[in-house]
Amino acid sequence: MGLSLLPSASFPVWYCEPLFLLNWFQTSGTTRNEEWLFILTGDHGMNDRGGHGGSSSGEVTTALVILSSTVVDKKGSVTLLSNGARTQQVDLATFIGSVTGAGIPSTSLGIIPSDWLAKFYHDPSTQIMAVIDLLSHFARFSGCNLLTSDGALKQVVTLDPGCSSSLLTEEQVILFNNLMKQLALGLFYLEQNNTSNSTLNALASVKTHINKAIKLSQQLQSRALSGADKLDNTQMLLGGLIMWSVTLYLCLLVVRELSGKQRLSSNHTNVQLFAFKTAGQPELLSYMSSKLLCTFCTVCLLIQTISLSGSSYAEEEHQLWYFFSVSTLVLCTTLVWLGPLPWSSKRSSILCAFGILFLDRILLRQMHRTGDKWIHLPDLSDWLYSPEHSFWLWPAQILAWIVLFVMRWIAVESCSWGAGLSRNKTLARFSPLLSLLVLSLSQLYYRWTAVFGSSEQVITSARFVYLVLLMDCLCTYNWTHTNQSLHKLTFQPNEEKRFWSDLLQPVATYPLLVGLLGRPAVTILWIGILIKECLLAHVIRSFWSEDHYEQSRAMKMRLSCCWLLYWIQGWTSFFQQGNSLSLATVDVSAAYVGLRTHQPTIAGVLLTLYTYAGPLFWQMAYLTRFSLPGDLERHVTTSLACFRLGFVLLPITFCATVCYVLQSHLFIWTVFTPKLLYLAVFHIAFFPLLAIWGALHKAPTPRRTLEGLQNPGVQIACEDNLVDLEYADDIVLMFEEEEKAQVFLDGLTKVIPSFGMHFAPTKCKVMLVDMQSLNTTLTIQGEVLQVVERFTYLGSCISSDCSVTDEVNARICKARAAFANSRHLWRQNGLSLNLKGRVYQATVRAVLLYGCETWPIRAADLRRLQVFDNRCLRTIARVGWCRRIRNEAVRKRVFGCVTGTSIEECVQHQKLRWLGHVLRMPKRVLFSMPNSEWRKQRGSQHLTWQRSMKEITKRLGAVGPTRLPGWGPRDPQCAWLETLRDVTANRCQWRSC
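Structure representation (structure tokens):
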């Protein structure tokens, strides 16, 4: 318990204001002729050690002031209980039970210090009786047989001398019995002799026995308290060592991820360094912004973890989460403002950020007060529940449901499914709206029955709401997989259009379930949290919307940043729901919504889902929106999984350590152990969620085939038809007859959804080759397909006239942008021209000549490519056009040689390499077959790839005096291909040609 100190240099005067008040209370006339006892105690704020500064190491005691009308002190009404000695906090219950006559509590392990005995027990007989009661109380804990003395000592309890107890040793048993007998004899003597001289003689001997008894009780208390802990220090230390080993290992991985230090080979490190050095300014700025935001969030979480060691900070933990939530959002908004985004994206992101801050300040934080110093203050929910304002509760609930319905309506309308939909598809499109309408009406009816209906009506309506919630989850799941515009986050510019469709994820049903389990105001709160999550997702997507730096390291950093933001927001919502470290804030009524009897499993699941709704919802929202199913094993189960576990395990490991170290802390059962319990139960619910999510995404899907669909394709050789060209999700279908094409598209549209895929009609185009127009338009999913003159397939522009002019123009534009992004490298004086030339080959020429192996290129197009290449090389070599230096000399300066460095030579080299691959393919592959079935069109003939390759390989027609068949005017048309097939069979021979 400790001491209450008088004002001094180390003890502020304002701490002693209660003492002056007690001085007036004791000296007032109303208390002079009555027996009274006044006890004043407090928290660590009354102690000169620690206090509200947050220290926990010295907070094992607190101040205590006990005043009584029978106090034996003539110096003043306010006295010290002892001169510097400190007692255990368990002594208070024992002392109050003894001094008031109520009896010592049966489970108390406290004692009565000697100074308390002298001050509050003025009669020697009452002092002896108090000590005898105290020793008798400890005797019951010993487990020994209790003996009652005969005759004058019949009221005295002694122990069996032969007993063995963990509480007392043999010497202490003998001492215990002797002290009990001596105290009983002293009490008997004082009662029989009432003269003053005999009393003084008795006190001289009894005082010694009382001091020995108090000392023995202190020894028994110390042993009993250490045994009451029931802790095996060896096992606790071993368990703590294992926990810290795992946690520190995971935290080391977190630090390595943030610092970018990874165990890579030297070649891989050079590749990463080269990619980082050659990335453009927008990509670098986006990556560094992600790293800065991750580091800031990590520091915030470390501060929150360390704060758990201080009782003052732990009691007001929600303030830290509120502060971190606002700080991370402000930092994210600042980085968006400073980023290279267009003004429209910046404006929408900043508006969303201000919307989140406004929603937090006006609604979410004001709905429920939490924390020891604020939980008693009135909040918005108290205002709505009060009788004079209860009328506004119903309009508030209805308004919240209307807002959610309007947002879903906008989401459905913003995602077009095309015109001419069937009745089933129309119903599937608007099913989330219908389910939400039924859900809102059923929940409002449940609230009405809870107020005006019977208990049976309440249970029936609650169970009906459960069914409607399940229906809503299925409707949103079906809508998500049917709508072609919903994809996983890939950090592309078109991701900004997904803002409204995020409301139609199945995860959005979980907040509605929490609204059912909680009180009416919880529904309003969680609809606000649902809107807040969608706004934050929009800010995050626009944060990286213009970034195309798709390396795995950058992707991990962005996903880690998203997870940290969602983790902080999850625990912010946990406290906004009204939770705190006190177990009294757990709403147990949520476990019995819809239950007639107590069912432990169902009640436990419902209580967990309601209590931890904040962290669980935000984590499920992150997994739904930002995890990449195709890269799950790489991004989730490996690096990101360790990244998450490092932050998840650190607080519980640190909190468990604090609880073990501060076993005798004043707030061990009110602050530290409840936090440990909250964290332990959350991990029990959180880890299965991650396991289930990983299992669902890693489960193999059965392979299916397209049955009953036949595409005749286009005949390109004898008995060979070219049906389609496909790569990844880009498919090109080829037809000669319009009717067959429409029949095939209709059948394909019906079968494709069974594979989990859907067509995007706005992305499907029709290109006519050797045709002027279509007699009938082609449609897919009821939408007419657009006829285009050119189309980009696998990054290459394909034109209907089979020319590559448009593709060459696109290649030059993209190469010019790549050259401009590396402008800082070309201007550096410390890099050699040879190194710059190698960088130019890898970053600019690779873009310029992408797909050139398939080009039937003309001389004019080749000349334009060469002009662009010469201009870039002169810029790198810093040779102007006014200086009369030939282009060959410039190439030699940059590349170190002239042979094989011109654009024409590079194109021919790429074509010959691809020709070797084609000719080495098995004959069953259609590309290796001679294209002999194509009919020539009227007019001038376009240059084909086959004719261009024959022209390039003409020099191979003669080997010394020997002429190879195929290039002569009288040779068969495809003889040159057969000749080259024999040559390319030997790779080394073909490369040497």
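Sequential numbering from 9 applies to the sequence shown in this note's numbering. Just so you know, even glycine gets a beta-carbon here, dropped at the ideal spot from N, CA and C.
MET742 carries a coil assignment under DSSP once its states are collapsed to helix, strand and coil. SER315 and PRO659 have their alpha carbons spaced roughly 10 angstroms apart. Sixteen is the threshold: since fewer than 16 other Cβ atoms of the shown chains lie within 10 Å of the Cβ of ILE406, the residue is exposed. Listed as beta-bridge partners of PHE799 by DSSP are ILE806. Within a 10 Å sphere around the beta-carbon of THR851 sit 16 or more other beta-carbons, which makes this residue buried.
The alpha carbon of THR434 has as its nearest neighbour, out of THR490, TRP382 and ILE383, the alpha carbon of THR490. A Cβ-Cβ separation of about 14 angstroms leaves ARG899 out of contact with LEU873 under the 8 angstroms criterion. With fewer than 16 other Cβ atoms from the protein chains shown falling within 10 Å of its own Cβ, GLY151 counts as exposed. Runs of the beta strand (DSSP E) spanning 3 or more residues and lying entirely within the stretch 840-873 do not occur at all. Around the C-beta of SER469, 16 or more other C-beta atoms lie within 10 Å, and the residue is accordingly described as buried.
VAL601 is a Cβ neighbour of LEU524, given a cutoff of 9 angstroms. The three-state reading of DSSP puts LYS381 in coil, since its state is none of H, G, I, E or B. With a contact defined as Cβ atoms closer than 8 angstroms, PRO121 and VAL214 miss out at about 17 angstroms. Taken atom to atom, the span from the alpha-carbon of CYS360 to that of THR770 is near 29 angstroms.
For ASP123 and ALA147, the gap between their C-alpha atoms comes out near 23 angstroms. A direct Cα-Cα distance of roughly 34 angstroms separates PRO386 from ALA101. Per DSSP, the unbroken alpha helix (DSSP H) holding VAL926 starts and ends at 911-928. Residue environment analysis places LEU176 among the buried positions, since at least 16 neighbouring C-beta atoms fall within 10 angstroms of its C-beta. Taking C-beta separations shorter than 6 angstroms and ignoring five residues to either side along the sequence, the partners of CYS569 in its chain run SER298, LEU301 and CYS302, following chain order. Nearest Cα to SER811 within the set SER956, CYS663 and VAL759: SER956. With respect to VAL689, TYR620 sits close: the two C-beta atoms are nearer than 9 angstroms. The C-beta distance from PRO623 to GLY578 rounds to 4 angstroms, short enough to meet the 8 angstroms contact threshold. Ranked by how close their Cα comes to the Cα of GLU861, the residues VAL816, TRP834, SER253 and ARG901 have VAL816 in first place. Rounded to the nearest angstrom, the gap between the Cα atoms of GLU324 and LYS381 is 8 angstroms. The beta carbon of ARG901 sits closer than 7 angstroms to the beta carbons of LEU841 and ALA885 from its chain, once the five residues preceding and following it are set aside; these are given in chain order. Checking the DSSP bridge columns, you'll see VAL165 partnered with THR156. With respect to the 9 angstroms criterion, LEU228 and PHE149 are classified as neighbours on the basis of their beta carbons. Between VAL476 and MET628, the gap from beta carbon to beta carbon reaches 9 angstroms or more. For LEU521 against THR484, the beta-carbon gap comes to about 13 angstroms, at or over 8 angstroms, which does not count as contact. For a cut-off of 8 angstroms, the C-beta gap from SER116 to ALA138 is around 14 angstroms, too long to register as a contact. Distance from the Cα of ARG416 is smallest, within the candidate group GLY170, ILE539, VAL344 and THR166, for ILE539. Taking all protein chains shown into account, VAL666 has 16 or more neighbouring C-beta atoms within 10 Å of its C-beta and is therefore buried. In the DSSP annotation of this structure, the continuous segment of the alpha helix (DSSP H) that includes MET479 starts and ends at 463-490.
Excluding sequence positions up to five before and after SER357, its CB lies within less than 8 angstroms of the CB of THR341, VAL344, LEU349, HIS546, VAL547, SER550 and PHE551, all in the same chain and listed in chain order. Around the C-beta of THR255, 16 or more other C-beta atoms lie within 10 Å, and the residue is accordingly described as buried.
Assigned with DSSP and collapsed to three states, GLU791 falls in strand.
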